[in-house]
Amino acid sequence: MKNIYFFLNIVFIILFFSSCLNSESNSKYFIQGLRLDSDAVLKSDEDSLVKLKDLKKPILIFQYSELNCGVCVDSVIVTLKNIDKEIPYIYIADYKRKTDLYLFKRVNKIKKDVYRTNYKTDVDTLNVPYVYILDDKSLVQKSLFIPRKENILDFKEYLDKVSKHYW
Numbered sequence: 443m444k445n446i447y448f449f450l451n452i453v454f455i456i457l458f459f460s461s462c463l464n465s466e467s468n469s470k471y472f473i474q475g476l477r478l479d480s481d482a483v484l485k486s487d488e489d490s491l492v493k494l495k496d497l498k499k500p501i502l503i504f505q506y507s508e509l510n511c512g513v514c515v516d517s518v519i520v521t522l523k524n525i526d527k528e529i530p531y532i533y534i535a536d537y538k539r540k541t542d543l544y545l546f547k548r549v550n551k552i553k554k555d556v557y558r559t560n561y562k563t564d565v566d567t568l569n570v571p572y573v574y575i576l577d578d579k580s581l582v583q584k585s586l587f588i589p590r591k592e593n594i595l596d597f598k599e600y601l602d603k604v605s606k607h608y609w
């Protein structure tokens, strides 16, 4: 069964990359990483504003939307809670209503701020939660990873590798 998931993942990656390589800007994204808007603003739970460029780096960012697969998001959150002391990370979410965000935080027992934004990247068009590293002033997404609820061990392996590389 593990070989099937691995094979499907490879097929998905090949199809995804080949569809994205149709334009020059998309091919640059996959080769260099996507440069984020230096003026992108995050809003904390308490409505204070933080510029993306002002975050302490390196930092792992878990970015998702309220419309993403709930089980996928939950499985990532459980895993992140287990590495809370080892890897600095934040949540960036797209919620239309603040009350939905508060409910989500309470249900998942999240004590950290969940920053809200409506800033979209090309990766957001996939409609899946994802993680990446932000580690310098250039604001380039690095080590982007899309966790799968079916194989959370891949995500744990990813965390282990980025932890050794960045921290």
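This note's numbering numbers the first residue of the sequence shown as 443 and each following residue consecutively. Built from N, CA and C at the ideal position, the CB exists for glycine as well.
- Query: Between K591 and the rest of its own chain, which residues show a CB-CB distance below 6 angstroms, the 5 nearest in sequence each way excluded?
  - Reply: The residue you call residue 591 lines up with position 149 of the sequence shown. Cβ within range, chain order: V513, C514, S517.
- Through-space distance from S605 to E528, alpha-carbon basis: Residue numbering aside, residue 528 sits at position 86 when the sequence shown is read from its first letter. Residue numbering aside, residue 605 sits at position 163 when the sequence shown is read from its first letter. The alpha-carbon atoms of E528 and S605 are separated by roughly 8 angstroms.
- Message: Helix, strand or coil for R548? Go by DSSP, reduced to three states.
- Response: By one-based count along the sequence shown, residue 548 stands at place 106. DSSP places R548 in helix when its eight states are reduced to three.
- Task: Examine the Cβ distances between the region 552-559 and the region 581-596 and report whether three or more of them are shorter than 8 angstroms.
- Result: no
- Does DSSP put K553 in a helix, in a strand, or in coil? Taking the sequence shown and counting its residues from 1, one reaches residue 553 at position 111. Note: K553 maps to coil in three-state DSSP.
- Item | Alpha-carbon spacing of L509 relative to Y533, whole angstroms | The residue you call residue 509 lines up with position 67 of the sequence shown. The residue you call residue 533 lines up with position 91 of the sequence shown. Cα to Cα, L509 sits roughly 15 angstroms from Y533.
- The beta strand (DSSP E) with V483 in it runs from where to where? Here residue 483 refers to the residue found at position 41 of the sequence shown. Residues 483-485.
- For L509, which beta-bridge partners are listed by DSSP? Position 67 of the sequence shown holds residue 509. Note: L509 sits in no beta bridge, so no partner.
- Task: Report buried or exposed for L494, applying the criterion of at least 16 other Cβ atoms within 10 angstroms of its Cβ.
- Result: As a first step, residue 494 must be located in the sequence shown, where it is residue number 52. Result: buried.
- Query: Apart from the five residues on each side of it in sequence, which residues of its chain come closer than 8 angstroms, Cβ to Cβ, to S465?
  - Reply: Position 23 of the sequence shown holds residue 465. Since pLDDT at S465 reaches only 39, below the 50 mark, its modelled position is unreliable, and the value read off the structure follows with that caveat. Nothing listed; no residue qualifies.
- Message: So the candidates are F504, K540, L502; which of them puts its Cα closest to the Cα of S486?
- Response: On the sequence shown, position 44 is the one that residue 486 refers to. If we check each option's Cα against that of S486, K540 comes out closest.
- Query: Do you know how far the Cα of E599 is from the Cα of L545?
  - Reply: If you number the sequence shown from 1, residue 545 lands on position 103. If you number the sequence shown from 1, residue 599 lands on position 157. Taking the straight line from one Cα to the other gives about 30 angstroms.
- In its own chain, which residues sit with a C-beta less than 8 angstroms from the C-beta of K538, not counting the 5 before and 5 after it? Along the sequence shown, read from residue 1 onward, the residue named residue 538 stands at position 96. Around K538: E508.
- Query: In or out: V549 buried (at least 16 other Cβ within 10 Å) or exposed?
  - Reply: The residue you call residue 549 lines up with position 107 of the sequence shown. Classification for V549: exposed.
- Message: Contact criterion: CB-CB distance below 7 angstroms. Does I529 meet it with respect to chain C?
- Response: Absent from the structure is chain C; it holds one protein chain and no more.
- Query: So what does V582 bridge to, in DSSP terms?
  - Reply: Stepping through the sequence shown from its first residue, residue 582 is reached at position 140. V582 is bridged to R477.
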